[in-house]
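Under our numbering, think of the first position of the sequence shown as 21, with each following residue one higher.
Using N, Cα and C, we set each Cβ at its ideal position, and we do this for glycine too.
See structure below.
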Amino acid sequence: MGSFNQLTLEEKASLTSGADFWTTKPIERSGIPGFMLTDGPHGLRKQAEESDHLGLAASVPATCFPPAVALASSWDIELAERVGAAIGLEAAIEDVAVVLGPGINIKRSPLCGRNFEYSPRIRLSPADWAQRWCAASSPGASARR
Numbered sequence: 021m022g023s024f025n026q027l028t029l030e031e032k033a034s035l036t037s038g039a040d041f042w043t044t045k046p047i048e049r050s051g052i053p054g055f056m057l058t059d060g061p062h063g064l065r066k067q068a069e070e071s072d073h074l075g076l077a078a079s080v081p082a083t084c085f086p087p088a089v090a091l092a093s094s095w096d097i098e099l100a101e102r103v104g105a106a107i108g109l110e111a112a113i114e115d116v117a118v119v120l121g122p123g124i125n126i127k128r129s130p131l132c133g134r135n136f137e138y139s140p141r142i143r144l145s146p147a148d149w150a151q152r153w154c155a156a157s158s159p160g161a162s163a164r165r
């Protein structure tokens, strides 16, 4: 795979948009493949057919895990690692390279409509908690945040 420094300005800019809603554009000259991203606040959400930004199209069946706030409230770090690994395995089976979750320590307003997705601060630092939860990357998937 080529180095980021070897990309042209146009190629670098092309990395900021997708080939479609959930897939990045490949840069064949540099050997950078396109890859799929999906939502993943408490399980894998991959749309089965045509993707849409509202999430109305049917999704591939997946395991629904407890939301991050409940998982963090258990104080069970090993459980978080197992959940992350299970989501990573499902991502690998579905050929998903990046899971867009979990949100960590960003409950800054009670008015946020997505607070259920976010892990609160627990006995570990947010970075340590995310690293444990993101054991999802061990089967071959990468997690954002």
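Checklist entry - Roughly how many whole angstroms lie between the Cα atoms of TRP42 and GLY108? => result 17 Å
Next on the checklist: Going residue by residue through the segment 105-133, where are the continuous beta strand (DSSP E) segments of at least 3 residues, counting only ones entirely within it?
Outcome noted: Complete beta strand (DSSP E) runs here, min 3: 118-120.
Next on the checklist: Please classify LYS66 as buried or exposed, where buried requires at least 16 neighbouring CB atoms within 10 angstroms.
Outcome noted: buried
Next on the checklist: So, at 6 Å on beta carbons, what are the nonlocal neighbours of HIS62 in its own chain, with the 5 sequence-adjacent residues on each side left out?
Outcome noted: Answer for HIS62: PHE85, PRO87, listed in chain order.
Checklist entry - So what's LEU173 in DSSP terms, helix, strand or just coil? => result Nothing can be reported for residue 173, as the shown portion of the chain is limited to 21 through 165.
Next on the checklist: Rounded to the nearest angstrom, what separates GLY54 and ILE47 at their Cα positions?
Outcome noted: 7 Å
Item to check | Separation of VAL80 from ASP72, as counted between CA atoms | outcome: 14 Å
Item to check | Opposing strand residues paired with THR44 [DSSP bridges] | outcome: GLY38
Item to check | Exposure label - THR58; buried when at least 16 CB within 10 Å | outcome: buried
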